[in-house]
Amino acid sequence: MADSVSKIEYYSLVIPHQCGEGAKLLAAFKEAGVNFVGMWAYPIGEGKAKIDFSAEDNALAKKVARKLKLELGPKQTAFYVYGKDRKGAVADVMAKLAAAGVNVHALQAGCAGPGRFGAFIQLENPADVKKAAKALGI
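Heads up, the sequence shown is in numbering that gives the first Met the number 0, so the first residue is 0 and it goes up one at a time.
Shown next, in the form of structure tokens:
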């Protein structure tokens, strides 16, 4: 079975980097019925944390963020790759991007169920989306 690749849109927001802030935020999104496809949260210094997310319904997620008075960054594009797990699965994906001259900003990958892998790939340069899509076969 070949890997599946899709382009996804994601957004960023900044919250205080304090115990419980992420849990409080996620509870509000849960209460509103937001289902996330992917999420990355990490400290960015000065007592702040950045959250990048993609939701099944990004319009709903944006509405909830506005209601919570959170400042959303602009819409960005990432890639979601998943398939049968094997040694070097992510290495193969990254090699395709490297061969096309596409620089990756961030990569999050892991097991996506028994015998499956999944990876979210954020690009360094938004202008490389078409080139990355071609390299990944979409």
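Backbone N, C-alpha and C define an ideal beta-carbon position, used for all residues, glycine too.
Could you compute how far the alpha carbon of E8 sits from the alpha carbon of F78?
Computed Cα separation, rounded: 8 Å.
Could you tell me which whole alpha helix (DSSP H) segments of length 4 or greater appear in the region 74-128?
Whole alpha helix (DSSP H) segments, 4+ residues: 88-98.
Taking DSSP as the reference, what is the three-state secondary structure of L71?
The answer is strand: DSSP assigns L71 an E or B state.
Does L25 come out as helix, strand or coil in the three-state DSSP assignment?
DSSP places L25 in helix when its eight states are reduced to three.
Mind checking which residues open and close the beta strand (DSSP E) that includes L135?
Premise fails: L135 is in no beta strand (DSSP E) and is neither H nor E.
In angstroms, rounded to a whole number, what distance separates the CA positions of L96 and E70?
L96 and E70: Cα-Cα distance of roughly 31 Å.
Ends of the beta strand (DSSP E) at A54?
Start and end: 47-54.
Are the CB atoms of S5 and G82 nearer to each other than 9 Å?
Cβ atoms of S5 and G82: not closer than 9 Å.
What does DSSP give as the partner residues of K6 in its beta bridges?
F78, per the DSSP bridge assignment.
Let me know the secondary structure DSSP gives V33 once reduced to three states.
Three-state DSSP puts V33 in coil, outside helix and strand.
In three-state terms, what does DSSP make of A64?
Helix, per DSSP.
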